[in-house]
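Chemist: First residue of the sequence shown? That's 1226 in the working numbering, and the numbers climb one at a time after it.
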Amino acid sequence: MNILPKIVSYSRMIKLSHTIFALPFALSAAILAHRVTPVTSQKLFWIIIAMFGARSAAMGFNRLADASVDAENPRTAVREIPRGVISKADASIFVVLSALLFMIAAANLSSLCFLLSFPVLAVLCFYSYAKRFTWLTHIILGFSIGLAPLAVWIAVNGDVSWKIGILSMALLTYIAGFDILYACQDVEFDRKESLYSIPARFGVVSAMRISSCLHVLSAVCLASLYWLFSLSPVYLVIVGIIAGLFILEHTLVDPHDLTRIDIAFFHVNSIISILVLAAVLSGEMLRGMV
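1) Quick check: the stretch 1350 to 1367 against the stretch 1253 to 1267, are at least 3 beta-carbon pairs closer than 8 Å?
2) Taking L1334 as the reference, give the member of A1275, S1431, P1458 with the closest Cα.
3) What separation, rounded to the nearest whole angstrom, lies between the Cα atoms of V1348 and A1283?
4) At 4 residues or longer, what runs of the alpha helix (DSSP H) sit wholly inside the stretch 1302 to 1354?
5) Which residues in the same chain have their Cβ closer than 6 Å to the Cβ of S1369, if we skip the five residues on either side of it in sequence?
6) Given that a residue counts as buried once 16 or more other Cβ atoms are within 10 Å of its Cβ, and exposed if not, what is M1514?
7) Spatial neighbours of H1440 within its chain, please: CB distance less than 6 Å, with the 5 preceding and 5 following residues excluded, ordered by chain position.
8) May I have a chain-ordered list of the alpha helix (DSSP H) segments no shorter than 4 residues that lie completely inside the stretch 1437 to 1481?
9) On the DSSP letters alone, give me the boundaries of the alpha helix (DSSP H) that E1418 sits inside.
10) Decide if C1187 is buried, meaning its Cβ has at least 16 other Cβ atoms within 10 Å, or exposed.
11) To the nearest angstrom, how far is the alpha carbon of L1326 from that of S1236?
12) Can you give me the Cβ contacts of Q1410 inside the same chain, cut-off strictly under 8 Å, excluding the 5 residues immediately before and after it?
13) Tell me whether L1511 sits in a helix, a strand or coil according to DSSP, three-state version.
14) Could you tell me which of S1317, R1288, W1387, K1313 sits nearest to Y1354, measuring between CA atoms?
15) What residue does the alpha helix (DSSP H) around K1268 start on, and which one ends it?
16) Output needed for S1281: all residues of its chain with C-beta closer than 6 Å, excluding positions within five of it in sequence on either side, in chain order.
Encoded structure:
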């Protein structure tokens, strides 16, 4: 049996390419945490494995929970489980193995990380059911992914810092903001199926305004890190570019023409995430020099 097509199918199921959205924030947290406790290559390895395991488990669980809904939605009916490319049984095994990988990685980081891996998995999986009862589903998604910087800080330093919580808030509002934009594509379907989302509840125009507010808050949180961590002014310059990309993202998406959602969602946001890491890395390396 050729294993490559299977790997490709599972990678598509969990949208492996979307790892680019959160991983740079996690690595940014590791850079900032390095000030307090040096981050070894071994610790960094387990942090990345933990990120991969947690995200794979969450996305796999989401695809299982939404399989019947995805089958009815023309936009998502092409996903692997509705098409029968991956069976529910195989997807379930994948989720369990991914969760185990996450817990093993957490255990290799510290006993505290291992204990926290259980509630973290619960939060990650809870999101999959949120849209069945609350339009705050986007905030819940942002919260679950936004745990990454805090988790990395705990993994490195063994404690919690409110300062790194600001980076988590930047990630929360960033994720929630673009998830709202993405959900605008399904507004009619969500209303028909009695699923909850901000676009379905308030309409596309209002949803885009809410998304804009969240992205403004994200940019403010990112900018505040300059003062909180005494970073190089280069950091602020890059954050200014990120703010410009947020504006571009919302310029690309028209309430009456959603054809450019994919460009705004993946391409622009990928650049934003990479720039966040570049900003923190340069801001830390050039601190006191520029």
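We put the CB at the ideal spot given by N, CA and C, even for glycine.
Modeler: Inspection of the coordinates gives the following:
1) They do not touch, by the three-pair rule.
2) Stepping through the sequence shown from its first residue, residue 1334 is reached at position 109. If we check each option's Cα against that of L1334, A1275 comes out closest.
3) The residue given as residue 1348 occupies position 123 in the sequence shown. The residue given as residue 1283 occupies position 58 in the sequence shown. Straight-line Cα distance between these residues: approximately 9 Å.
4) The qualifying runs are 1305 to 1308, 1313 to 1334.
5) The residue you call residue 1369 lines up with position 144 of the sequence shown. Listed in chain order, the non-local C-beta contacts of S1369 below 6 Å within the same chain comprise V1348, L1349, Y1352, local neighbours out to five positions each way being set aside.
6) Taking the first residue of the sequence shown as 1, we reach residue 1514 at position 289. Exposed is the call here.
7) Here the question's residue 1440 lines up with position 215 in the sequence shown. Cβ within range, chain order: G1402, F1471.
8) Counting only runs of 4+ residues, the alpha helix (DSSP H) found wholly inside the stretch 1437 to 1481 occupies 1458 to 1477, in chain order.
9) Here residue 1418 corresponds to residue number 193 of the sequence shown, with the count starting at 1. E1418: not part of any alpha helix (DSSP H); DSSP gives it neither H nor E.
10) Beyond the ends of the chain as shown, which are 1226 and 1515, falls residue 1187; an answer cannot be given.
11) Here residue 1326 refers to the residue found at position 101 of the sequence shown. Here residue 1236 refers to the residue found at position 11 of the sequence shown. Their Cα atoms are separated by approximately 16 Å.
12) Translated into the one-based positions of the sequence shown, residue 1410 becomes position 185. Once the five neighbours on either side are set aside, the close Cβ partners of Q1410 are R1300, L1483, I1486.
13) For the purposes of this step, residue 1511 is identified with residue 286 of the sequence shown, where counting begins at 1. In the structure shown, L1511 sits in coil (DSSP, three-state: anything other than H, G, I, E or B).
14) For the purposes of this step, residue 1354 is taken as the residue at position 129 of the sequence shown. In terms of Cα proximity to Y1354, the closest of S1317, R1288, W1387, K1313 is R1288.
15) To locate residue 1268, count along the sequence shown from 1; it is residue 43. Start and end: 1266 to 1290.
16) Numbered from 1 along the sequence shown, position 56 holds the residue referred to as residue 1281. Closer than 6 Å at the Cβ level, and outside the excluded window around S1281, lie I1239, S1323.
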